[in-house]
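Before any comments, here is the structure.
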Amino acid sequence: MSRKKTPKSKGGSAPATSALPATHGSQPVRPGTARPGPEAPPNRPPQPGRSSLGGGGDFYDVAFKVMLVGDSGVGKTCLLVRFKDGAFLAGTFISTVGIDFRNKVLDVDGMKVKLQIWDTAGQERFRSVTHAYYRDAHALLLLYDVTNKASFDSIQEYGLPFMETSAKMGLNVDLAFMAIAKELKQRCMKAPSEPRFQLHDYIKREGRGASCCKP
1 MSRKKTPKSK GGSAPATSAL PATHGSQPVR PGTARPGPEA PPNRPPQPGR SSLGGGGDFY
61 DVAFKVMLVG DSGVGKTCLL VRFKDGAFLA GTFISTVGID FRNKVLDVDG MKVKLQIWDT
121 AGQERFRSVT HAYYRDAHAL LLLYDVTNKA SFDSIQEYGL PFMETSAKMG LNVDLAFMAI
181 AKELKQRCMK APSEPRFQLH DYIKREGRGA SCCKP
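Reminder that position 121 of the sequence shown reads as 121 in UniProt numbering, one-by-one numbering, no gaps.
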């Protein structure tokens with residue numbers, strides 16, 4: 001797919017993100033990407049020694065598909081670029097058309113967890129395209145712009161825990177994805193006697209700035 005150039009000013013507002021882990025197990029992914037290049041690997045049960053595409057040759061133990069969802073202009077791409085590359089997309093930007101993805105491997109409690117993170121277009125005309133990718137996702141990150149109440153109204157009906165993040169300042173960006181990785185890793189590998197990972201408590205304990213709460 002191509003990207004449509006829609007110049008907008010990317011301000012310093014901090015998007016907030018809600019974590020929504022999916023309740024079903026792993027299913028095969030039929031990936032697509034907005035950029036030309038090799039296909040993304042499908043989601044599969046844990047397979048040690050598997051090389052991570054786009055992850056610098058790192059190996060991973062388990063892979064999960066995570067979707068970034070929210071209205072156009074709330075900062076989904078900025079959040080992803082900050083997490084993956086440690087950079088902030090300042091100034092004008094190009095709106096995502098359709099869908100795009102990037103991979104990153106995290107060390108979660110001694111296990112290599114690969115997050116395949118999908119960046120979706122927020123414009124209404126692309127909803128039918130992006131919705132097709134939701135069904136085999138393991139988790140969603142719902143984003144809104146703290147300066148745009150309408151973008152918050154679009155997601156508050158989920159009633160989920162949330163935290164403030166800032167792609168510009170790097171606030172809680174790594175924490176948002178690490179919280180998802182920890183939750184998904186435990187769902188996949190948890191022993192019957194192992195206590196459940198407390199997502200709310202982890203965000204509240206590790207987060208900076210606004211505390212974890214429910215909208």
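The C-beta atom is built at its ideal place from N, Cα and C for all residues, glycine as well.
Looking at the unbroken alpha helix (DSSP H) that takes in alanine 179, where does it start and where does it end?
-> Its alpha helix (DSSP H) spans residues 173–189.
Please classify serine 52: does DSSP put it in a helix, a strand, or coil?
-> For serine 52, the pLDDT reaches just 43, beneath the cut-off of 50, and the residue's location in the model is therefore unreliable, leaving the point undetermined.
Start and end residues, beta strand (DSSP E) containing aspartate 100 | That run of the beta strand (DSSP E) goes 99–108.
Per the contact definition of three or more C-beta pairs closer than 8 Å, is the region 80–87 in contact with the region 130–139?
-> No: the two stretches stay apart, fewer than three of their Cβ pairs being nearer than 8 Å.
Hey, how far is the Cα of tyrosine 144 from the Cα of methionine 163?
-> One C-alpha to the other measures close to 11 Å.
Over what stretch of residues does the beta strand (DSSP E) that includes tyrosine 144 continue unbroken?
-> Unbroken beta strand (DSSP E) run through tyrosine 144: 139–145.
For my contact list, threonine 77 and isoleucine 99 are in at a C-beta cut-off of 8 Å; report their separation, rounded to the angstrom.
-> In fact, because the Cβ distance is near 11 Å, the residues do not count as touching under 8 Å.
Between tyrosine 202 and lysine 182, which are expected to be in contact by the criterion C-beta below 8 Å, what is the C-beta distance as a whole number of angstroms?
-> With a Cβ gap of about 7 Å, tyrosine 202 and lysine 182 count as contacting.
Extent of the continuous beta strand (DSSP E) to which valine 69 belongs | Residues 62–70.
With DSSP as the reference, label threonine 120 as helix, strand or coil.
-> In the displayed model, threonine 120 falls within a strand according to three-state DSSP.
Anyone know if the C-beta pair for leucine 79 and alanine 179 falls short of 9 Å?
-> Not a contact, by the Cβ cut-off of 9 Å.
Taking buried to mean at least 16 other C-beta atoms within 10 Å of its own C-beta, is alanine 150 buried or exposed?
-> Residue environment for alanine 150: exposed (fewer than 16 other C-beta atoms within 10 angstroms of its C-beta).
Nearest CA to the CA of valine 173: which residue from Lys204, Arg82 and Lys112?
-> Nearest of Lys204, Arg82 and Lys112 to valine 173, Cα basis: Arg82.
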